[in-house]
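Position one of the sequence shown corresponds to residue 59 (our numbering), numbered consecutively onward.
For glycine and all other residues, C-beta sits at the position ideal for the given N, C-alpha and C.
Working notes, structure below.
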Amino acid sequence: MCGIIGCVTRDRDTVPILLEGLRRVEYRGYDSAGIAVVDGDGLDIRKAEGKIDRLQALIDERPISGPTGIAHTRWATHGEPSEQNAHPHLDGSGRIALVHNGIVENYRSIRRTLEAKGHVFTSETDTEVLAHLIQEHYEGNLEAAVRAALAGVQGAYGIAVICADEPEKLVGARNGSPLVVGIGKDANYVASDVAALVRHTRDVVYLDDLEMVVATPDGFSTTTLENELITKNVEKVTWNIDMIEKNGFPHFMLKEIFEQERTVMDAVRGRLISAAGDAILGGLREHRRAFQKSERIIILACGTSWHAGLIGEYMLEDLARVSVEVEYASEFRYRNPVINPGDIAIVISQSGETIDTLAAMAEAQRRGAVALGIVNVVGSTIARQSDGGVYTHAGLEIGVASTKAFTSQLMVLAAVALMLGRSHDISVTRGRQIVRAMEAIPGQIAEILGRHESIREIASRYAKDTNFLYLGRGYNFPVALEGALKLKEISYIHAEGYPAAEMKHGPIALIDERMPVVVIAPQDAFYEKILSNMQEVKARGGRIIAITSEGDDQVEKMADDVIEIPRTLPHLTPILSVVPLQLLAYHIAVKRGCHVDQPRNLAKSVTVE
Ligand code: AGP
59 MCGIIGCVTR
69 DRDTVPILLE
79 GLRRVEYRGY
89 DSAGIAVVDG
99 DGLDIRKAEG
109 KIDRLQALID
119 ERPISGPTGI
129 AHTRWATHGE
139 PSEQNAHPHL
149 DGSGRIALVH
159 NGIVENYRSI
169 RRTLEAKGHV
179 FTSETDTEVL
189 AHLIQEHYEG
199 NLEAAVRAAL
209 AGVQGAYGIA
219 VICADEPEKL
229 VGARNGSPLV
239 VGIGKDANYV
249 ASDVAALVRH
259 TRDVVYLDDL
269 EMVVATPDGF
279 STTTLENELI
289 TKNVEKVTWN
299 IDMIEKNGFP
309 HFMLKEIFEQ
319 ERTVMDAVRG
329 RLISAAGDAI
339 LGGLREHRRA
349 FQKSERIIIL
359 ACGTSWHAGL
369 IGEYMLEDLA
379 RVSVEVEYAS
389 EFRYRNPVIN
399 PGDIAIVISQ
409 SGETIDTLAA
419 MAEAQRRGAV
429 ALGIVNVVGS
439 TIARQSDGGV
449 YTHAGLEIGV
459 ASTKAFTSQL
469 MVLAAVALML
479 GRSHDISVTR
489 GRQIVRAMEA
499 IPGQIAEILG
509 RHESIREIAS
519 RYAKDTNFLY
529 LGRGYNFPVA
539 LEGALKLKEI
549 SYIHAEGYPA
559 AEMKHGPIAL
569 IDERMPVVVI
579 APQDAFYEKI
589 LSNMQEVKAR
599 GGRIIAITSE
609 GDDQVEKMAD
619 DVIEIPRTLP
629 HLTPILSVVP
639 LQLLAYHIAV
649 KRGCHVDQPR
659 NLAKSVTVE
């Protein structure tokens, strides 16, 4: 997901503001960066492949400055990462500059039409076509030209545009890719992410699809693409800049793993009712009746959020006795799913911007389902386009590999399962037991984090391995999938999660002394069976890293390395058993010299297909 920031002032130099804003959205992943400013009578532009430091060096060498500007970090879709393909892109006159997040689906036909009119393109990108299309419509009013150009565009975009002939104007527009307006004192801003603005203002306006903003040093106006004036709510950003800082941790990912001791409670703070053994989720209150009447819940998500959905399925069927199906959002959106009256779609997303999840939610709503989001980013598109939902309150998650958002999703899912279960057949006594167990989770996570050094030491012995198998049963099968994903995405080691019982149906052929096998083996209902699975691995020379319950004395006889976790209720175990796997993946990746917070090829939020 690309990063965008734009700023319009009367007489300040926007270059430092724009560069600082780009650094705040670095975490989203990118491969090139650029900046354009209006300076006096023209536009000045600097672009560089690679990290922002290279752009900074370019500007140090050849300084630019100006009161109005735009900047961009690019995650390549059309055209390789290169200076030429980096944004901002200029129109043919060199007087209009544009940055873009998204994909222009019909850029080829537009490009052919413009080339036939004499336009010459210098990049392989779809974005450059937008700049030339605006030029084609420009007759002295930038927002009118942008509006006319976008009328012919198909696809997703979040754009910011400036023009040398209108130096005190910054135009933004969105369809499918997030764009937020920042309201300052003597400056106004446009950005793809609040993180780029929060040092300058906490007052923001979230644009919705097919909306535009015209910002000047003195204010802003918002309209539809059809130029109908609209009034938008100004919202207050609640988190602060130090939440973005690493606070002494070497990487955001490690900071966020350690934050889980607090964030798991933030997810349910004020939502657990001890005396009644119940949970109250304001965002679902009006849907409680719908839940009670519903015969099926469909969970839509991608990646780590999809793993949370699998655990949610087990929780909801176990505690609330409602039928649940978990779907990859990317598959659901394109097949011809059956949605029955009364079906409820629970849509899980950290960013609230994942294009596949957004589209799957829209498809479910189109067919009559009520869509309820479990989302982390406040004001995100999924949060705003769902029929209701619950924020996970994990705070800004900057590491591309999701950690604290995942455990917060699980806490919210446990609260939903408790709420629904209590209106089904969970007694107040059992409800109180569940609430107590949930309230104990933060301290139990702290105990696991206290074993951080021993986990680092274990990781160092496996950092050179090239292929891992993760095994789990029941609630811990999805944790095996999540542990494998963590390792894959930050250390680039191939890893596969599997239901432990399935191992003998194929993967056991992989087992030999070169294959580390991570086994999640708490003392739960599957304990004896997972011990047998461990025997099968050992008999073939496999090396075992076991996650087991504190005080266990059987697993350690079979495992090469053991990481203990506290005991809790079966459906809450994943919240604990995932933490050692997060730390294991983190330390292996660090040992391998990988870029932990911004792994290659990955973005924090996948807003393009
Ligand atoms: C998780 O570590 C990955 N970065 C990725 O799988 C992520 O979970 C997925 O892209 C879904 O993102 P979302 O939760 O923001 O929708």
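- Boundaries of the beta strand (DSSP E) around Asn-525: 525 to 530.
- In the structure shown, the three-state DSSP call for Asp-251 is coil.
- When the alpha-carbon of Gly-361 is set against those of Gly-160, Ala-348, Ser-407, the nearest one is in Ser-407.
- The shortest CA-to-CA distance from Ala-504 to any of Gly-98, Gln-318, Tyr-264 is the one to Gln-318.
- Scanning the stretch 311 to 365 for uninterrupted beta strand (DSSP E) segments of 3 residues or longer gives 354 to 359, listed from N- to C-terminal end.
- By the neighbour-count definition (other C-beta atoms within 10 Å, threshold 16), Gly-92 is a buried residue.
- Val-654 is positioned such that its CB atom lies no closer than 9 angstroms to that of Gly-437.
- Counting only the Cα atoms, Glu-571 lies some 13 angstroms from Ala-617.
- Every beta strand (DSSP E) stretch that sits fully inside the stretch 435 to 463 and reaches 3 residues is listed by chain position as 446 to 449.
- The secondary-structure analysis by DSSP pairs Thr-606 across a beta bridge with Ala-579, Glu-622.
- For Leu-101, the enclosing beta strand (DSSP E) stretches over residues 100 to 107.
- Taking 9 angstroms as the cut-off, the Cβ atoms of Asn-246 and Val-384 do not count as close.
- Residue range 277 to 282 is occupied by the beta strand (DSSP E) that includes Phe-278.
- The beta-bridge partner set that DSSP reports for His-552 consists of Asn-525.
- In this structure, DSSP gives Asn-534 a helical state, which the three-state scheme calls helix.
- Comparing C-alpha distances from Ala-542 to each of Leu-641, Gly-79, Gly-532 shows the shortest one belongs to Leu-641.
- Taking all protein chains shown into account, Pro-74 has fewer than 16 neighbouring C-beta atoms within 10 Å of its C-beta and is therefore exposed.
- Thr-461 sits away from Val-322, with the two beta carbons spaced by 9 angstroms or more.
- As computed with DSSP, Ala-647 is found in no beta bridge at all.
- Relative to ligand 1, Val-664 has its C-beta within less than 8 angstroms of a heavy atom.
- Distance from the CA atom of Arg-327 to the CA atom of Gly-152, rounded to whole angstroms, is 53 angstroms.
- Between the stretch 618 to 634 and the stretch 505 to 518 there are three or more C-beta pairs closer than 8 angstroms, enough to call the two in contact.
- The DSSP-derived three-state label of Pro-628 is helix.
- Under the three-state reduction of DSSP, Ala-567 is assigned to helix.
- Within the same chain, and ignoring the five residues on either side of Gln-491 in sequence, the residues whose Cβ sits closer than 8 angstroms to its Cβ are Gly-335, Leu-627.
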